[in-house]
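The opening residue of the sequence shown carries number 1363 in the working numbering; numbering runs sequentially from there.
Cβ atoms here follow ideal geometry from the backbone N, Cα and C, with glycine treated the same way.
As the structure is a prediction and not an experimental result, all values here were calculated from the model.
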Amino acid sequence: MKKYTFFLLVLSGLMACEPVKTKDIISGQFAHTVLIWLNNPDSESDKAKLEAGLKLLIENSDYVRSAHLGVPALTDREVVDNSYTYCLIVTFGSKEAQDKYQVEPVHKKFLTDCKHLWSKVLIYDS
């Protein structure tokens, strides 16, 4: 086992010196993209509450495989919509797993605890 561990350490050290030649692949067959517009987008308190709720949801869901929580990158192109406050992308192993997530207690709790914070939510599933 020690030789194997040593090999991995050496290999990882060598790889750190090389340029990245592969792309990160998002885990999961089903992507759930949620755009959220807060009622009070300048309220640090509301942002903190929403972020805490989303992090609890992500960390405690039995079905979320991977997640990204972000804010608009403020890229300046005609086709880019920067009007939302937060973007959440979560992935699932299947549509069936996403269906179970929708009724999962931690997801329902998030909705109950945080829905008063937003004025609009737009979802794209793929």
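- One thing to note: Tyr1463 has its Cβ within 7 Å of the Cβ of Tyr1425.
- Here the alpha carbon of Lys1470 sits roughly 20 Å from the alpha carbon of Phe1392.
- By DSSP's assignment, Ile1398 forms a beta bridge with Tyr1448 and Val1483.
- With fewer than 16 other beta carbons inside 10 angstroms of its own, Ala1410 counts as exposed.
- DSSP places Leu1431 within a strand segment (E or B) once states are collapsed to three.
- In terms of Cβ geometry, Phe1454 and Gly1415 do not form a close pair [threshold 7 Å].
- The alpha-carbon separation between Lys1482 and Val1433 amounts to approximately 15 Å.
- Take the alpha-carbon of Thr1437 and the one of Leu1397: they are about 16 Å apart.
- Residue pairing by DSSP places Ala1393 opposite Thr1453 in a beta bridge.
- The residue from Ala1459, Thr1395, His1430 and Leu1418 with its alpha-carbon nearest to that of Cys1476 is Leu1418.
- Excluding five sequence positions before and after Arg1427, the CB atoms of its chain that fall closer than 7 Å to its own CB belong to Ser1389, Gly1390, Thr1453, Phe1454 and Gly1455, given in chain order.
- A residue is called buried when at least 16 other Cβ atoms come within 10 angstroms of its Cβ; Leu1450 meets this threshold and is buried.
- About 6 Å separates the beta carbon of Ser1423 from that of Val1468, a gap short enough to meet the 8 Å contact definition.
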